[in-house]
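S.K.: Submitted below is the structure of interest, expressed as structure tokens.
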Amino acid sequence: MKKPALTVLFFAMAVVAFGQPLTHITIDSTRQKWGDWEQPEWLRYFGADHGDINGDGLPDIAAGRYVYLNPGGTLEAPWQRVVLDDNVDVIFVTDIDGDPFADLIAQHLPEIYWYEALDESGTMFRRTLIGEVPATSHVNSQGFKKASIFGGNKPELLIAGNGDVYALQIPDDPKKPWPVLKVAANTSDEGIGIGDVNGDNSPDIVTGRRRAGEEEPKVLVWFRNAGKQPEWDAQEIGSTEHPIDRVEVADLDGDGDQDVVITEERYPGLEPDAHLIWFENPGQGKGQWPSHIITTAYSLNNLDIADLDGDGDADLVTSEHKGVELELMWWLNDGQGTFTKKVMGTGHENHLGTQLADLDLDGDLDVYGAAWDAYQNMHVWRNDSKPGLRPNQRIKSHGWIPQSSDEGVFLRVGGKYDYRVANEHMNADGWITLAENIDLKNADGAELIVERVQSHDGTKGLAIQLEGFDPLSIPPPKTIPQAAEQYMFHDNARLTIPLEMLKSGDLRARFLVADEHPWDWPQNLIYGTTLRVYYKESVPVFTVKAVVEINKEMKLTLAGNQSENIEEVTFIGLYEDVDQDGDGVYRDWQYHYDRAELKGTLGKASQPPYQINWKLDWVPNQELPVQVMALVTLTNGKTVTTGATTVELPAERPEVRLGKPYNVPANWVTRNDTYTENLCMADTSGLVSSRLFWKSWSPCYDAGILLNGKELEVENTGPCYDEQWHKLNVRKNYWIEGENTLTTRKTPLHDGSMVHGMEVQWPGIMAKWKHNRPGERVSIASSTYEGRPHFVIKTAQLTYYLDQASGGLSRMIDAAGNDWLGFHVDSKEAYPKSAATSYRGFPNLVFTTADKGAGHPGFDRCTSEVTGPNQITVESKSGRWKWVYDFKPDHVLLDVVKTDPNANYWVLYEGVPGGSFKPANYTFGHSKATSSQADLPDFYKGKTLSDQYAWMYCSENESSQTVYMAQVQNDKKPDVIGFLGDSDEGLKSTNGMTVFGFGRDLKTQPKLKGPEKFILGIYSRSINKPEDHQHLAQYLNLLIDDYENP
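In mature numbering (1 follows the signal peptide of the UniProt record, and there is no 0), the protein residues as written are -19 to -1, 1 to 1027.
Below, the structure is given as structure tokens:
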């Protein structure tokens, strides 16, 4: 095919009147790479996606085997990192099964896994194999996209594998096999673009392709959607000088059809000769596609596409993967395919990054991405182009509430009672003065907060029109599912007001809704507005000092120079709690506007020393940092915000859990029907009290609320035809562990007529549960591993997997994701090969008699039961053996309480310190030594050490940690230490395990009898010097003494 003419476009570096360089934040600098656990050693992770993983309403990030939980606010507080238990590469965050728990899709090609969160915290996951896609030359794929290409309700998951693109279909029952279809053949393993190329209303696929005999993809092709038929037909778009890397599809020139934009990769990337190119659709994808070079730079392995400047067209973001400046670039489209460059950052390399998401929910798009060369780094760039409440600002607020409509309560917008036409509700021409005498000197931004009630389901298009300008849309809450107009909500909607709209000094406006409505009565209610103008002015240095007075209160005091005239100080907090502002975001700066007044704060003070007591008794547990900030209102009417101060909540507080509703119904108005939602309660142990919280409208028509079929005692239902915030105490015996059902009854006719009914506003009816168990808890959940049922036990520092049918531990995973046991099922067990797989585990207790295998992962000799908050009891099916695990933050106590009087046993640690068999990185020691040793005893070569030890350890220097095993009671039985490779190479083997044994002799015979206690744990330092050994010895001797003499 003849190559289309190449058009090179030149752009002036004009200053774009939009935004400032983005604020760079490194949210992780300690990431590891794929090759730290598996071959090839050089390989990094490819995946990155975002979504709400812990249910707090904020977008979190998943990248590689890591999950990053969004702290909210300025995004600069620490992001809690969750390390998945396996070396996988997460490529999608998407809802798989419709439950309230997050779902991740990860690759370990050829395997594709579904990771299902075990609870709302998003910190523990169950893994299920869902399909296979062929591995690539880089093991995993660099091309993946989720899109509904078959027209169903759920998206397909597209993954490039070994030169083809496969579509995984999510079945109705995702626990059953997932259909996998090859939809595009002879492609690259790089980026995938999705869009309707030929205008038939079906999304097509665009990828790179290798020409016959060539190694790199330099041909761009599109595949016409043929539904569930395999191997769609391909048509060539054009070719490139260098390998095609990222691909996106959008209308770039405003002509209504879908164009294609690509980036080129350069390796090793020493020259700035990679292109960013867009290909112009000639119409329905037919004919020659003119190509336009947007820019030439160093290797461009990053691309995303969105409307970045709010002008309605598709803009581009990319970043250099190589080079000197490592520019992060926005390319702003004029709507006709001409792009202007805006450098938004430098100095931070990305690979398959520069992904766009509104991470701080301020209305503009932020950027995130992972590095390749400096693979340890995970980056976020915060976009502050939209004004919003942030630390260290100067603000002026202008509040407005209706004065003459519905007795001054609210303003009706839309329908027959619209305030512009119904004089009995408001005598006005529709234009309202929301603010006067606005000071714009030194102003650099403004936003309007609108207190809006959806009121009538199906109402669309709420907007505000400032006098002399086009209307501005007022968006619904982002957390509401599709068709938000079908839900009831009462929120504080935020929208940016361009300063040029305020130049008159007054804000005169009118409210509008779309006339179209399913039952011909569109209506929203407006309770008030607050205009906030932000100023680029110096800010006096104030901070907040926090002191815990008693366990249920924290004293917050304004600190700093108080020479300015202070009228009032309002304290607010960034933490997770019930949602009072109606946006469905639980982790937020906790405040809202109610009739233009600031409510829901931590408290206010109007006299020196400007101090409050923050009551903590119902503040939920917090996984992420808690911050406080003060809003200092001066006598000149302006408000100064302090810096954000991170505070520690006292650990002695009772545990308070937040219950977030799910399966929340649309159009929740009790006049229509009976409605239900669900709340998931982890457990009821120690529950002392509970409360429900929700916002309603016209609750006087409530007809009863039931929890699991039991009627709740609602003392004061609230007003008719007005809003209400509810706080309802609930009897603790009404709750059940697991899924709870909350029901509102249908409102009956009153005197034969239908009445309004109670509206339950988004996000539904929330709960708080208070338990009388302070301090840190251990989480225990059911899962599977290696096809076997397991308990997953998560402590502060370690995650254990306990094989339920054997009663043995198969995994012990540290915070970095290293598995210090690493058991794997091996159907062809052999010595010494199985030292890399099925020999591993703890305590591998019973070696003889009919109970052989009890306590060893992989055997079916036992039953296991959770018998306490941090306790699991195991009993052999024969009834002759019983032991109890007591899980602590950094170790586990094994209490063998019953043994077979006719059999001996041993306790073994057979695992891999640091997660991999690397004897060169090990040192070891024991209770009879004075320092650590590097000359490891080679088990296979018969050099095992044997003596009577109180404890033994192996230190792994890369992780800077040490595994230890200790025996609580001294005895005279032989113990062993050895290191077993999985081949006749011994310690030179590429895999193997460490062998520590209490009660094992050199003839492989068990010698222990009767009940005893043992400890297995991780010490958070490596042992290389005599003084290190002595510190560990002191620690272990004290730990043993604590258990021997409690």
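A virtual CB, placed ideally from N, CA and C, is assigned to each residue, including glycine.
1) Residues in the same chain with beta-carbon distance under 8 Å from E718, minus the five sequence neighbours each way, listed in chain order, please.
2) Verify whether the separation of the beta carbon atoms of R108 and G798 is less than 8 Å.
3) By alpha-carbon positions, which one of E101, D185 and M105 ends up nearest to S763?
4) By DSSP, does K163 sit in helix, in strand, or in coil?
5) Taking 8 Å as the threshold (C-beta atoms), are N710 and P635 in contact?
6) Can you tell me whether R1002 is buried or exposed, with buried defined as 16 or more other CB within 10 angstroms of its CB?
7) Roughly how many angstroms lie between the CA atoms of W706 and V559, to the nearest whole one?
8) Between V202 and T188, which are expected to be in contact by the criterion C-beta below 8 Å, what is the C-beta distance as a whole number of angstroms?
9) Using the C-alpha atoms, what's the distance from K163 back to S118?
10) Would you tell me roughly how many angstroms separate the C-alpha atoms of D347 and L340, rounded to the nearest one?
11) Is K988 helix, strand or coil by DSSP?
12) Report the three-state DSSP secondary structure of K156 (helix, strand or coil).
13) With three or more C-beta pairs closer than 8 Å as the rule, is the region 482 to 491 touching the region 538 to 555?
14) To the nearest whole angstrom, what separates the beta carbons of H471 and W311, a pair I think is in contact under 8 Å?
15) Quick one, which of K676, S169 and R842 has its alpha-carbon nearest K858's?
16) Since T971 sits in a beta bridge, which residues does DSSP pair it with?
17) What separation, rounded to the nearest whole angstrom, lies between the Cα atoms of A811 and S964?
18) Where do the ends of the beta strand (DSSP E) carrying P1007 lie?
19) Quick check on the burial criterion: 16 or more other C-beta atoms within 10 angstroms. Buried or exposed for W801?
20) For the region 516 to 531 and the region 451 to 459, state whether three or more C-beta atom pairs, one from each stretch, are separated by less than 8 Å.
21) DSSP three-state label for C681, please.
22) With a cut-off of 8 Å, do at least 3 Cβ pairs link the region 915 to 935 to the region 875 to 886?
23) For Y400, is the classification buried or exposed, using 16 other Cβ atoms within 10 angstroms of its Cβ as the cut-off for buried?
24) Measure the Cβ-Cβ separation of T627 and V607 and say whether it is below 8 Å.
25) Since I996 contacts L1020 with CB under 8 Å, what's their CB separation in whole angstroms?
26) Under the three-state reduction of DSSP, which class applies to A287: helix, strand or coil?
27) Please give the ranges of any alpha helix (DSSP H) in the region 213 to 298, keeping only runs that are unbroken, at least 4 residues long and fully inside the region.
28) Can you give the Cα-Cα distance for G291 and E137, rounded to whole angstroms?
29) Does N51 pass the burial test, meaning 16 or more other C-beta atoms within 10 Å, or should it be called exposed?
30) Is the region 905 to 917 in contact with the region 862 to 876, if contact means three or more CB pairs nearer than 8 Å?
31) Run the CB neighbour count on G449, radius 10 Å, all protein chains shown included, and call it buried at 16 or more, exposed below.
32) Could you check how far apart the C-beta atoms of A43 and I34 are, in whole angstroms? I think they sit under 8 Å.
33) Within a Cβ cutoff of 6 Å, which residues of the same chain sit near F674, ignoring the five residues on either side of it in sequence?
34) Quick check: E534 and K580, are their CB atoms within less than 8 Å of each other?
35) Looking only at its chain, what residues have a beta carbon closer than 8 Å to the beta carbon of L1013, apart from the 5 residues adjacent to it on each side?
36) Report the CB separation of L281 from T244 in whole angstroms; it is logged as a contact under 8 Å.
M.R.: On the basis of the coordinates in this document:
1) M662, A663, D664 and T665
2) no
3) M105
4) strand
5) no
6) exposed
7) 11 Å
8) 6 Å
9) 18 Å
10) 6 Å
11) coil
12) coil
13) no
14) Not a contact, Cβ separation roughly 36 Å.
15) R842
16) DSSP, once it has assigned bridges, lists no residue as partnering T971.
17) 10 Å
18) Here P1007 belongs to no beta strand (DSSP E); instead the alpha helix (DSSP H) covers P1007 to E1025.
19) buried
20) no
21) helix
22) no
23) buried
24) yes
25) 7 Å
26) strand
27) none
28) 29 Å
29) buried
30) no
31) exposed
32) 7 Å
33) V559, K708 and M747
34) no
35) G906, Y934, T943, Y945, Y1000, R1002 and I1004
36) 4 Å
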